[in-house]
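> Got a structure for you, written out below as structure tokens; questions coming shortly.
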Amino acid sequence: MTIIMKRINSFVLSAFITIQLFSQNLVINPGFESWQKINKPTGWTSALGCLKDSTIILSEIYSCRQAATGDSRELGQVIPVREGTFYTISFWYRNETAGGGNGCRVWANWKDAEGNPLNDEASLPLLHSGYLKSDTWKQYSADVTAPPTAAYFNLIVRTLPNSVTYWDDIIFEENVPTNINEGSAHIIRIYPNPVTNYLSISNMQCIQFIEILSVTGIKIWSQKINGEESLMIPMAGFKDGIYIISIYSKGKRNHVKFIKTSDY
């Protein structure tokens, strides 16, 4: 079964997983590892109320801490798109809930070539989400299609009044069809699934970093890869359940789910 950036809330169950590294994240500085100033992440055209943070992070070194008091604060950038093309938007967020605010939300939209907003009823419920609030890392993910005459995606996430949000690993990428010739892709194999004793990963030449998260976004295990071609991860310390493995490779990130079980 071949999987290309499946949504986190989709269920993956097979004895053998392969990942094709086709999709490219179109977001500039998606993990907030580069900052022009302590309050200005590189590549983000709006970053109101943002500060570089190194204490509460999902991956790598930094996250973006955004605080809002009386008014909502926006974090965003404009991304060129092609009409009729399928895209995935996803991001990780974590809130400080002591202030009693409503947390955060996505508030994105499409624009035409002149920069005028487009009203697309199909994607509006996904791009204008309800309130998102969690005191642990949680992911929001949605699949959308660029409507007719769309030339840009106005990626905006908001921290709502009296709230603090930590943002990390924001993704907007084209959904590549699964029938592309596999000979043109680097295929990573993850097996078995479900797993009992050891999770094996092979064909790792292009991998830089691997991490395993709980379904609520808590990091369970991580490892930097330094040229290894294969890896066996012991499952002895993992409770039975569903986990998310994230594969990082030169500006690309892929997620798949696997199941840990004691009696498979």
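Last residue of the sequence shown: 333 in the numbering used here, with the numbers rising by one and none dropped. Glycine residues also receive a C-beta, built at the ideal position from the N, C-alpha and C atoms.
Can you tell me whether DSSP reads P65 as helix, strand or coil?
This structure cannot settle anything about residue 65, because the visible part of the chain is limited to 70 through 333.
> So, under 8 Å CB-CB, I257 and Q277 are touching, yes? Tell me the CB distance rounded to an integer number of Å.
So it is not a contact: roughly 12 Å between Cβ atoms.
> Please identify the residue among D212, K207, K202, W206 whose C-alpha is closest to the C-alpha of P194.
P194 has its Cα closest to that of D212, out of D212, K207, K202, W206.
> According to DSSP, which residues form a beta bridge with G310?
Bridge partners of G310: K329.
> Do N244 and the ligand HEM come close, with the Cβ less than 8 Å from some heavy atom?
The ligand content of the structure shown is nil, which means the ligand HEM is not present either.
> If you drop the 5 nearest sequence neighbours on each side, which residues of the same chain put their C-beta closer than 8 Å to that of Y267?
Excluding residues within five positions, the ones whose Cβ falls inside 8 Å are M301, I302, P303, M304.
> Taking the alpha-carbon positions, what's the R227 to Y162 distance?
Roughly 11 Å separates the two Cα atoms.
> Less than 8 Å between the CB atoms is what I'm expecting for S232 and G139, so what's the real figure, rounded?
So it is not a contact: roughly 11 Å between Cβ atoms.
> Could you give the distance in angstroms between the alpha-carbon of Y260 and the alpha-carbon of T205?
Looking at the two C-alpha atoms, the distance is approximately 28 Å.
> For P303, write down the residues that DSSP places opposite it in a beta bridge.
Per DSSP, Y267.
> Under 8 Å Cβ to Cβ from Y200, same chain only, skipping five residues before and after it: list those, please.
N171, G172, C173, R174, L229.
> Between I281, C275, N178, Y235, which lies nearest to S299 when the distance is taken from Cα to Cα?
Considering only alpha carbons, the answer is C275.
> Taking the beta carbon of R151 as the centre, do at least 16 other beta carbons fall within 10 Å, making it buried, or is it exposed?
Classification for R151: exposed.
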